[in-house]
């Protein structure tokens, strides 16, 4: 059995027993780092990223206008919409809603009713007891768009690298993701869009795109009691795009090296500014990003794209966010080893640290698939891969 861990983002209070096979999606090889047979995840208040103001996920390009255009865009119809358009056509032409976006109560009730009525599938012999399912994704496209922070404003964001739904752009809505289903993820029933700031080589200014991007859906608690699926159209951000602090060896929030066998997650050396590891052997740069696992049950989004979700603790969700949802984890692989010049993220070209690393998730699965994966894999606490039980 191959096991791996990630470090630099978490404290000792968030260690968890965890052993699994880890596939390097793009390279087709197993990537591994081992520390005492343990892996770590992050949950609880100590691991939650610092809140950011609305719009803080993206650095607005000055040519596109001021950042507060995003709020105005929520109510202003598209300039391309004809004045005499029908109500449905006008609604379709408007940018996606922002701020507090209420969940469709009827749709959520229908999904949870179907989930509660669903019978679990028999578990084949040999299936592990790690409560998770996943989607393995490849790089799709890059754009200075952000349909969560700057909906309807193409070019308003810093550059993002997208995986998943190939149709994702500035004005993408949940209905778009459900309709346009070409995806770089497996399974194909995952129509979601996931994105992170683009990583650039500091010496050449060329992008270093992801060579593997795995999205885990897990339960972080030691019990799955009360587990519910993810509501269609949920939008979330983890991390802080405005954070610009050094990320030296051992710092929280740094990139790390993943490799075969024992070795140094912090790299065999560091970039000149100390913020980026230089990996030895076959190791390459990786990053791990954890999202909240509790939801308020009322909103698909909030003004800062964080307040409608929260991190659980002590195996429970807070009263303000009582719905236990699958916890997303981005496990991101880059096919680069590090250099003395290091790298920079599109969210912090000047600071050239990793502390502004963040991720966005616009979650839209086929509801029946989301329900069955949640019930079979998380509620039953079984290990699943892209297609169901991992055998």
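In the numbering used here, the protein residues as written are 48 to 438.
Where a beta carbon is used, it is the ideal one built from N, C-alpha and C, also for glycine.
Sufficient close CB pairs (3 or more, under 8 angstroms) joining the region 315–325 to the region 336–352 = Inter-segment contact for the region 315–325 and the region 336–352 is absent: fewer than three beta-carbon pairs are separated by less than 8 angstroms.
Which of helix, strand or coil does DSSP assign to residue 3?
-> Since the first residue shown for the chain is 48 and the last is 438, residue 3 is missing from the structure and cannot be characterised.
Just grab the DSSP bridge partners of residue 212 for me.
-> Walking along the chain shown from the start, residue 212 turns up at place 165. 230, per the DSSP bridge assignment.
Sub-8 angstroms separation of residue 294 and residue 400 beta-carbons | Start at 1 with the first residue of the chain shown, and residue 294 comes out as number 247. Start at 1 with the first residue of the chain shown, and residue 400 comes out as number 353. Cβ distance < 8 angstroms, so residue 294 and residue 400 count as in contact.
Is residue 162 helix, strand or coil when you go by DSSP?
-> Working through the chain shown from its first residue, we reach residue 162 at position 115. If DSSP states are grouped into helix, strand and coil, residue 162 belongs with the helices.
Find the nearest neighbour of residue 362 within the set 341, 378, 354 and 381, judged by alpha-carbon distance.
-> Taking the chain shown and counting its residues from 1, one reaches residue 362 at position 315. Nearest option by C-alpha distance: 341.
Flag this pair as yes or no: are the beta carbons of residue 260 and residue 364 separated by less than 8 angstroms?
-> Translated into positions along the chain shown, residue 260 becomes position 213. Translated into positions along the chain shown, residue 364 becomes position 317. For residue 260 and residue 364, no; Cβs fall outside 8 angstroms.
Spatial neighbours of residue 378 in its chain, beta-carbon cut-off 7 angstroms, leaving aside the 5 residues before and after = Translated into the one-based positions of the chain shown, residue 378 becomes position 331. Around residue 378: 261, 263 and 335.
Would you grab the beta carbon distance between residue 189 and residue 210 for me? Rounded to a whole angstrom, and I think it's under 8 angstroms.
-> To locate residue 189, count along the chain shown from 1; it is residue 142. To locate residue 210, count along the chain shown from 1; it is residue 163. No, residue 189 and residue 210 are not in contact; Cβ-Cβ is about 11 angstroms, not under 8 angstroms.
CA-CA distance, residue 150 and residue 343?
-> In the chain shown, the residue the question calls residue 150 occupies position 103. In the chain shown, the residue the question calls residue 343 occupies position 296. If you draw a straight line from the Cα of residue 150 to the Cα of residue 343, it comes to about 10 angstroms.
Tell me whether residue 167 is buried or exposed, calling it buried when 16 or more other Cβ atoms sit within 10 Å of its Cβ.
-> Against the chain shown, residue 167 aligns to sequence position 120. Flag for residue 167 reads exposed.
Residue 417 by DSSP, collapsed to three states: which one?
-> Here the question's residue 417 lines up with position 370 in the chain shown. Note: residue 417 maps to helix in three-state DSSP.
For residue 396, I'd like the list of residues in its chain whose CB is within less than 8 angstroms of its CB, leaving aside the five on either flank, ordered along the chain.
-> Your numbering for residue 396 matches position 349 in the chain shown. Result list for residue 396: 247, in chain order.
In terms of DSSP beta bridges, what is residue 337 paired with?
-> Mapped onto the chain shown, residue 337 falls at position 290. DSSP output for residue 337 lists 376 as bridge partner(s).
Leaving out five residues before and five after residue 424 in sequence, what residues of the same chain have Cβ atoms less than 6 angstroms from its Cβ?
-> For the purposes of this step, residue 424 is taken as residue 377 along the chain shown, with counting starting at 1. Its chain contains 180 and 431 as the residues whose beta carbon lies nearer than 6 angstroms to that of residue 424, once the 5 sequence neighbours on both sides are disregarded; these appear in chain order.
CB of residue 217 within 8 angstroms of CB of residue 254, strictly | Mapped onto the chain shown, residue 217 falls at position 170. Mapped onto the chain shown, residue 254 falls at position 207. At the C-beta level, residue 217 and residue 254 stay beyond 8 angstroms of one another.
Residues sharing a beta bridge with residue 432, DSSP | The residue you call residue 432 lines up with position 385 of the chain shown. Paired residue(s): 435.
Between the beta-carbon of residue 356 and the beta-carbon of residue 373, is there less than 8 angstroms?
-> Position 309 of the chain shown, counted from the first residue, corresponds to residue 356. Position 326 of the chain shown, counted from the first residue, corresponds to residue 373. Remark: C-beta atoms of residue 356 and residue 373 do not approach each other more closely than 8 angstroms.
Looking at C-beta atoms only, is the number of pairs between the region 267–284 and the region 402–422 that lie closer than 8 angstroms three or more?
-> The region 267–284 and the region 402–422 touch, with no fewer than 3 CB-CB distances between them shorter than 8 angstroms.
Hey, is residue 382 close to the ligand NAP, as in C-beta under 7 angstroms from one of its heavy atoms?
-> No copy of the ligand NAP appears in this structure; indeed no ligand is present at all.
Evaluate residue 302 with the Cβ neighbour count: other Cβ atoms within 10 Å of its Cβ, from every protein chain shown; 16 or more gives buried, anything less gives exposed.
-> Within the chain shown, residue 302 is the residue found at index 255, counting from 1. Buried is the call here.
In whole angstroms, what is the alpha-carbon distance linking residue 325 and residue 332?
-> Translated into positions along the chain shown, residue 325 becomes position 278. Translated into positions along the chain shown, residue 332 becomes position 285. The alpha-carbon atoms of residue 325 and residue 332 are separated by roughly 8 angstroms.
Where residue 249 sits in the DSSP three-state scheme = Numbered from 1 along the chain shown, position 202 holds the residue referred to as residue 249. Coil at residue 249, not helix or strand.
Report yes if the C-beta distance between residue 288 and residue 405 is below 8 angstroms; otherwise report no.
-> Along the chain shown, read from residue 1 onward, the residue named residue 288 stands at position 241. Along the chain shown, read from residue 1 onward, the residue named residue 405 stands at position 358. Yes; because the gap between Cβ atoms is below 8 angstroms, this pair is in contact.
Under the DSSP definition of a beta bridge, which residues are partnered with residue 363?
-> Looking up residue 363 in the chain shown gives position 316. Paired residue(s): 360.
Which class does residue 412 belong to by DSSP, given the choice of helix, strand or coil?
-> Translated into positions along the chain shown, residue 412 becomes position 365. Per DSSP, reduced to three states, the secondary structure at residue 412 is strand.
Nearest neighbour of residue 249, chosen from 428, 329 and 383 [CA to CA] = Residue numbering aside, residue 249 sits at position 202 when the chain shown is read from its first letter. Of 428, 329 and 383, the residue nearest in Cα terms is 383.
Pick from 222, 285 and 426: whose alpha carbon is nearest that of residue 358?
-> For the purposes of this step, residue 358 is taken as residue 311 along the chain shown, with counting starting at 1. It is 285 whose Cα lies nearest to the Cα of residue 358.
According to the neighbour-count rule (16 or more other Cβ atoms, all chains shown, within 10 Å of its Cβ), is residue 147 buried or exposed?
-> Stepping through the chain shown from its first residue, residue 147 is reached at position 100. Residue burial is scored here from C-beta neighbours: residue 147 has fewer than 16 other C-beta atoms within 10 angstroms and is therefore classed as exposed.
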